[in-house]
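Enquirer:
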Amino acid sequence: MGNFQLEDFVAGWIGGAASVIVGHPLDTVKARLQAGSGYGSTLSCIRTVYRRESVFGFFKGMSFPLASIAVYNSVVFGVFSNTQRFLSHHRCQEPEAGPPHVLSDLLLASMVAGVVSVGLGAPVDLIKIRLQMQTQPFQEGGYGVATKVMPGPCLCL
């Protein structure tokens with residue numbers, strides 16, 4: 001992997017991780033409101049989650065997207081750039097000698113990357129939403145020991 005690609009991978013992971021950390025609490029509120037769990041408003045949902053589950057309730061389901069964001073971003077951006085290169089090569093036979101990427105190449109590369117993005121992102125989102133929808137942090141386990149309802153993405157699968 002070249003230096004440029006490694007920098008892209010690291011930048012994609014850092015940017016993706018930052019977006020997950022910053023946006024996840026609001027995404028949790030959005031998921032709860034969309035489920036129609038009887039929260040009157042956004043502010044009511046925020047207060048209820050905080051009161052019942054503390055600040056940690058806003059971060060349920062965050063571990064899996066955070067762990068997978070580097071792979072997700074690198075695959076999607078890699079598919080986009082490789083598709084673009086492939087199209088350019090087959091259109092010009094020598095990509096360096098040909099004109100810059102044409103709009104049709106960009107459009108097709110974006111479509112292919114979008115399909116891959118949905119294929120990778122949908123399962124991650126499903127697991128994240130199932131974990132976010134847990135409103136009870138613990139359930140009674142055997143011998144009176146409290147255990148998490150769905151302790152993580154592996155058991156959610």
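Heads up, the sequence shown is in the UniProt record's numbering, so the first residue is 1 and it goes up one at a time.
All C-beta atoms, glycine included, are put in the ideal place defined by N, C-alpha and C.
#1: Using 8 Å as the threshold, is the C-beta distance between residue 76 and residue 117 below it?
#2: Could you have a look at residue 135 and say whether DSSP puts it in helix, strand or coil?
#3: Compute the distance between the beta-carbons of residue 66 and residue 20, then report whether it is under 8 Å.
#4: Quick one: which unbroken alpha helix (DSSP H) runs of 4-plus residues sit fully inside the UniProt repeat "Solcar" (3-86)? Chain order, please.
#5: Please list, in chain order, all residues of the same chain as residue 112 whose beta carbon is under 8 Å from its beta carbon, the five residues on each side excluded.
#6: Measure the alpha-carbon distance for residue 15 versus residue 124 and round it to whole angstroms.
#7: Can you give me the C-alpha to C-alpha distance between residue 32 and residue 64, rounded to a whole angstrom?
#8: For the putative contact between residue 24 and residue 59, defined by C-beta atoms under 8 Å, what is the C-beta separation to the nearest angstrom?
#9: Please state whether DSSP places residue 102 in a helix, a strand or coil.
Expert: Walking through what the data contain:
#1: yes
#2: coil
#3: Yes, the Cβ-Cβ distance between residue 66 and residue 20 is below 8 Å.
#4: DSSP runs (the alpha helix (DSSP H)) wholly in the UniProt repeat "Solcar" (3-86): 3-34, 42-53.
#5: 79, 80, 83
#6: Cα to Cα, residue 15 sits roughly 17 Å from residue 124.
#7: Pairing residue 32 with residue 64, the inter-Cα distance amounts to about 18 Å.
#8: 6 Å
#9: coil
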